[in-house]
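Going line by line, the protein sequences match chains A and B. To convert, note that position 62 of the first sequence is 61 in numbering that gives the first Met the number 0; the numbers rise steadily by one, no gaps. To convert, note that position 128 of the second sequence is 127 in numbering that gives the first Met the number 0; the numbers rise steadily by one, no gaps. Virtual Cβ for every residue (Gly too), placed ideally from N, Cα, C. Heads up: the structure comes next, in structure tokens.
2 protein chains.
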Amino acid sequence: MRRVAIIGAGMTAFGEHWEQGFRDLVVEAGIRAITDAGISGDRIDAGFIGTMASGRLVGQEHIGGLLADYIGLNPIPITRVEGACASGGLALRQGVMAVASGMHDLVVVGGVEKMTDLGVNTVSDILGGAGDQEWELFLGATFPAIYALMARRHMQDYGTTEEMMAAVAVKNHKNGAKNKYAQFQNEITLETVMKSKMVADPLKIFDCSPITDGAAGVVLAPMDMAQSFVKKPIEIIACAQASDTIALHSRESLTSLKATRVAAKKAYDMAKLTPKDIDVAEVHDCFTIAELMAIEDLGFFPKGQGGKATVEGKTAIGAEIPINTSGGLKACGHPVGATGIKQAVECTWQLRGEAEGRQVKDAHIALSHNVGGSGATAVIHIYRNQ
Amino acid sequence: MRRVAIIGAGMTAFGEHWEQGFRDLVVEAGIRAITDAGISGDRIDAGFIGTMASGRLVGQEHIGGLLADYIGLNPIPITRVEGACASGGLALRQGVMAVASGMHDLVVVGGVEKMTDLGVNTVSDILGGAGDQEWELFLGATFPAIYALMARRHMQDYGTTEEMMAAVAVKNHKNGAKNKYAQFQNEITLETVMKSKMVADPLKIFDCSPITDGAAGVVLAPMDMAQSFVKKPIEIIACAQASDTIALHSRESLTSLKATRVAAKKAYDMAKLTPKDIDVAEVHDCFTIAELMAIEDLGFFPKGQGGKATVEGKTAIGAEIPINTSGGLKACGHPVGATGIKQAVECTWQLRGEAEGRQVKDAHIALSHNVGGSGATAVIHIYRNQ
């Protein structure tokens, strides 16, 4: 396999973009990524785009063909990849394969979702399609309800408290406040989270990531070509994906995602690294409990200790392992298909030393962790600067 | 790149499967493909699944995670790929990349669509998402209307007649009558087509492929491992994809698909072959006019001569270049995401000499051509037996 590097990264602001359509968002992110790579579009050989539910959200499928057209790159091949909230991470993985295989050299990979044009109940129903439609959503289990079950069990088994979960939101808002692309750029207090409206007990509105419009993009190149384009190519040194049952009730555990653990083991093996080697990580905090499970499943903290570690500040910028410097899904926002690519963009910026105001000092190795649904898909990438 | 071969192929019957759900269809096809390869499921490293509109048709996204679970293969990675009616062909291409790159060895690739649970108008609206939702579908241009525009122009520019288009349907029904997996296993006469109900002038109901439930699957392996599993591995010697504008009105031509021509050139170059070397081909006949354009764009006949060649029987089994021996989309049926994989299955059977009742004698090289929407995506594979 050829070694693969990121040579360009860009994104739209995440938020409510009522003045921009689905297409506009991708074009903006795509052009920023390509411009950042210092190349013109006609150098691009192929593309991949992650989006979860464009069919139901904007009535449009055939997203690869649409974008090849709107980004002005036809007749190059562009392919849409879908894996619910992991759609972006999976698109990145297909891009890596395309370059690694030698089938393509310069590949643009994007992620997008346009979610705010519909009412919140409709969107919630559509997002339910990321779980088991027949055995969960049909019976009323929306995503806050599913993650609330995990939270309850985590509280029972490990003594995790609502305050520990709330600490994730406080930390991610603090990071988001330093990110000009974030949907929420305001700090919040623990009290704000604890007093906020209950969505699915014990998860309150501030435990939940928001509904967001946005897009993000990166440009990939073979490592041996990368340095001819940019001074600081960011190599993708591991790329691993795993699956689990689609429904929560079939899982071995409610407090740990097997897909994350399996993908993490593969990724660490591939990169010949351990969790201790990671300097900064973007993890999938669709709900605060998801971040606690992630930092445990990724091996940053022992099982059940994620909450305590967060309260102790070990996941803050400047501490042991800074988590979600972008603000995470919680504060940066969660335009579903874009999230996995935004994570790659943030890792790229951190490893280039360009994460203004939230830079992790001497960051050398970064990790991104993107989850689909309640954990039936997890995809992990590890990045290294030179 | 490593060389890649098909070592297993299988499919469900195509038709109206009111007694089987989306999941059941994929499991059936997947198990048939894996069984055909003579391996057990635990040998499979990864999977790809093509489906266009599961979100709108059955309320379910996150298809990779769902299928890893239902086919009993979790925690392996399975990824959904979408490219409208080319979803299956694109999934196959991702499978080829996964094996070619060395990232995976044994990969299962499937395609599926469950379409008959909704009314025809709803399905027609959903399929319209394969075109330009904002500038075509929203204004009333469903797919029969879009292809009718191409047909009219082809008639004007090249003297193609309604009878010539009807001859495609007659030939494909004749082939489908010999395929036990086909939705329509009955021969029809030219008169049947000509007297059938007008859908979008000049396209009549018998010029249109039907709405279908079904799934198909293949198992891929590196060529150097393939012979340890099966006696007759079918090598994929070319794999090419291209794009064009999403909307018909932006095209350079209404009578030729640029995406097909670009992908065909790449595929022939990759395989070091010319159209004359192809012994049998499955082409994308979503409408009869689409088959005429395809056999011209693929270089089997000069531009404008597809209709005449069909009437003269040059595309029949036993003639110059047998086209759509499976019955094509027209008679075998068109479960959108499954079509591209069904084409690969038919090519495999033809090259193994297993296409009972419709076998092309001495078939050595086969080609499959899968189109998304009205041509914004085209993906072509060329296969060779040993």
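Item: When B:V378, B:P209, B:D243 are compared against G71 (chain A), the one with the closest alpha-carbon; Value: B:D243
Item: 8 Å contact criterion, which A337 (chain B) and E60 (chain B) should meet: CB distance rounded; Value: 18 Å between Cβ atoms; not a contact.
Item: CB contact below 7 Å: A241 (chain B) versus chain A; Value: yes
Item: The segment 38-52 of chain B in contact with the segment 200-217 of chain A per 3-pair CB rule at 8 Å; Value: no
Item: C-alpha distance - T115 (chain A) paired with W17 (chain A), whole-angstrom precision; Value: 7 Å
Item: Bridge partner(s) assigned by DSSP for C331 (chain B); Value: Paired residues: none, contrary to the question.
Item: Closest by C-alpha distance to T78 (chain B), when choosing among A:Q240, A:G356, A:L148, A:L202; Value: A:Q240
Item: With 16 other Cβ atoms within 10 Å as the buried cut-off, status of H103 (chain B); Value: buried
Item: Cβ separation of G303 (chain B) and S86 (chain B), assumed to be a contact under 8 Å, to the nearest whole Å; Value: Not a contact, Cβ separation roughly 30 Å.
Item: Test: L256 (chain B) CB closer than 7 Å to a CB of chain A; Value: no
Item: Per-residue burial, V119 (chain B) [other beta carbons within 10 Å of its own, 16 or more giving buried]; Value: exposed
Item: Close-in-space but distant-in-sequence residues of the same chain around T188 (chain A) (CB under 8 Å, 5 per side omitted); Value: V169
Item: Sequence-distant residues of its chain with Cβ nearer than 6 Å to E135 (chain B) (five each side left out); Value: A246
Item: Among A:I288, A:C331, A:K360, A:F205, nearest to S373 (chain A) - alpha-carbon criterion; Value: A:I288
Item: Residue range of the beta strand (DSSP E) that includes Q240 (chain B); Value: 233-242
Item: L89 (chain A): contacting residues in chain B (beta-carbon distance under 7 Å); Value: T78
Item: Integer-rounded CB distance, given that A293 (chain B) should sit under 8 Å from T259 (chain B); Value: 6 Å
Item: Residue range of the alpha helix (DSSP H) that includes P143 (chain B); Value: 142-157
Item: Rounded Cβ spacing between A91 (chain A) and A343 (chain A) (contact assumed at less than 8 Å); Value: Going by the sequence as given, residue 91 (chain A) is Leu instead of Ala. With a Cβ gap of about 6 Å, L91 (chain A) and A343 (chain A) count as contacting.
Item: As assigned by DSSP and simplified to three states, the class of K203 (chain B); Value: strand
Item: Cβ of N73 (chain B) within 7 Å of any chain A Cβ; Value: yes
Item: Simplified DSSP state of D44 (chain B), which is helix, strand or coil; Value: coil
Item: Where the alpha helix (DSSP H) containing M222 (chain B) begins and where it ends; Value: 222-225
Item: Residue-chain proximity (S325 (chain B), chain A), Cβ-Cβ < 7 Å; Value: no
Item: Test: D68 (chain B) CB closer than 7 Å to a CB of chain A; Value: yes
Item: Sub-7 Å separation of G139 (chain A) and G64 (chain B) beta-carbons; Value: no
Item: For R79 (chain A), the first and last residue of its enclosing beta strand (DSSP E); Value: 77-81
Item: Cross-chain neighbours of T261 (chain B) in chain A, by beta carbon under 8 Å; Value: Note that residue 261 (chain B) corresponds to Val in the displayed sequence, not to Thr. Residues of chain A passing the Cβ test: P74.
Item: As assigned by DSSP and simplified to three states, the class of D124 (chain A); Value: helix
Item: Contact the segment 359-371 of chain B vs the segment 193-210 of chain B: 3+ CB pairs below 8 Å; Value: no
Item: For K12 (chain B), the three-state DSSP class (helix, strand or coil); Value: Contrary to the premise, residue 12 (chain B) reads as Ala rather than Lys in this sequence. A12 (chain B) falls in the coil class under three-state DSSP.
Item: Proximity to S249 (chain A) [Cα-Cα], best of A:E353, A:D131, A:T347; Value: A:D131
Item: 7 Å Cβ cutoff met for G326 (chain A) and N185 (chain A); Value: no
Item: 8 Å Cβ shell around R351 (chain B) - same chain, five flanking residues per side excluded; Value: K231, I233, N384
Item: Per DSSP, the bridge partner or partners of L219 (chain A); Value: A:I5, A:V106
Item: Burial state of E353 (chain B), where buried means 16 or more other Cβ atoms lie within 10 Å; Value: exposed
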